[in-house]
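These notes are about the structure you will find just below.
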Amino acid sequence: MDPRLAVPRRRATEPAPPEPATADTDTGPGIGIEHALGLHIAERIREYRQQLGMSGSQLAIASGLSKGMLSKLENGQVSPSLATLVRLSGALQVPVTAFFRGLDEERDVLFVKAGKGMDISARGSRKAHRYQLLGSMRGPNKRMEPVLVTLHERTEVFPLYQHAGTELIYILSGEMVYGVGASEYTMEAGDTLQFDGEVSHGPRRIVSLPTQFLSIKAFGGTQP
Numbered sequence: 006m007d008p009r010l011a012v013p014r015r016r017a018t019e020p021a022p023p024e025p026a027t028a029d030t031d032t033g034p035g036i037g038i039e040h041a042l043g044l045h046i047a048e049r050i051r052e053y054r055q056q057l058g059m060s061g062s063q064l065a066i067a068s069g070l071s072k073g074m075l076s077k078l079e080n081g082q083v084s085p086s087l088a089t090l091v092r093l094s095g096a097l098q099v100p101v102t103a104f105f106r107g108l109d110e111e112r113d114v115l116f117v118k119a120g121k122g123m124d125i126s127a128r129g130s131r132k133a134h135r136y137q138l139l140g141s142m143r144g145p146n147k148r149m150e151p152v153l154v155t156l157h158e159r160t161e162v163f164p165l166y167q168h169a170g171t172e173l174i175y176i177l178s179g180e181m182v183y184g185v186g187a188s189e190y191t192m193e194a195g196d197t198l199q200f201d202g203e204v205s206h207g208p209r210r211i212v213s214l215p216t217q218f219l220s221i222k223a224f225g226g227t228q229p
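Each residue of the sequence shown is one higher than the last, beginning at 6 in our numbering.
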């Protein structure tokens, strides 16, 4: 037989060398902190969902997330992006900061420098109107949401709001007509208005610009 036609014998299969470690297998302190944060947020998501009596499917629909993704979030298998937290905060009726509550067990004070409040969007609001969340410390006995509202333009039609709990409005500057139900109140700097949040309410007319006021919402013990 012509040796040139001989079929070479195959060598025994050698084990492949181990793949080098990647960032995904890193177990350094940074990854540990990230994992702990993911578990903490997962607990908060599940807690707020259960407080509202929502099933996983209901929350998935309300937030626009898939049921599978929501399950992974609640089990700490994935870390949510800021966009996902914004979706969940809207569906669960809590500010984004509520998902980080309890991270520091010694946290008793929340300090926000002037002009450093978190900008949030209010339903139906325009870009010329600014809403700044000044803090959120929610727990069994601490349920309050202070928001600094600045109106920079006259809007013909303002959206009406309804929510659980009570709300207090304190005018810092400017003048406006604020409506609660069928009643209207002309308010200027130094005026205060308190009302049941379940009654439709909101600005009716801006008299002078800019108008700035502090809105403080207080929720009962059974509310998220």
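Each residue gets a CB set at the ideal place from its N, CA and C atoms; glycine is no exception.
To the nearest angstrom, report how far apart residue 97 and residue 206 are at their CA atoms. 21 Å
Between 201, 103 and 151, which has its C-alpha nearest residue 188's C-alpha? 201
How many Å lie between residue 195 and residue 73 at the Cα? 50 Å
Residues in its own chain within less than 6 Å of residue 221 by CB, not counting five upstream and five downstream? 151 and 173
In three-state DSSP terms, what is residue 89? helix
Backbone secondary structure at residue 70 - three-state DSSP: coil
Could you tell me the distance, in whole angstroms, from the CA atom of residue 168 to the CA atom of residue 203? 5 Å
Could you give the first and the last residue of the continuous beta strand (DSSP E) run that contains residue 178? 171-185
Give the C-beta separation of residue 49 and residue 106 to the nearest angstrom, bearing in mind that I take them to be a contact with Cβ-Cβ under 8 Å. 7 Å
Assigned secondary structure, residue 220 (DSSP; H/G/I helix, E/B strand, else coil): strand
Only counting the same chain, and skipping five residues up and downstream in sequence, which positions put a Cβ closer than 6 Å to that of residue 79? 47, 50 and 51
Can you find the residues in the same chain that come closer than 6 Å, C-beta to C-beta, to residue 191, ignoring five residues on each side of it along the sequence? 182
Would residue 66 and residue 156 qualify as a contact pair, given that the criterion is a beta-carbon distance under 8 Å? no
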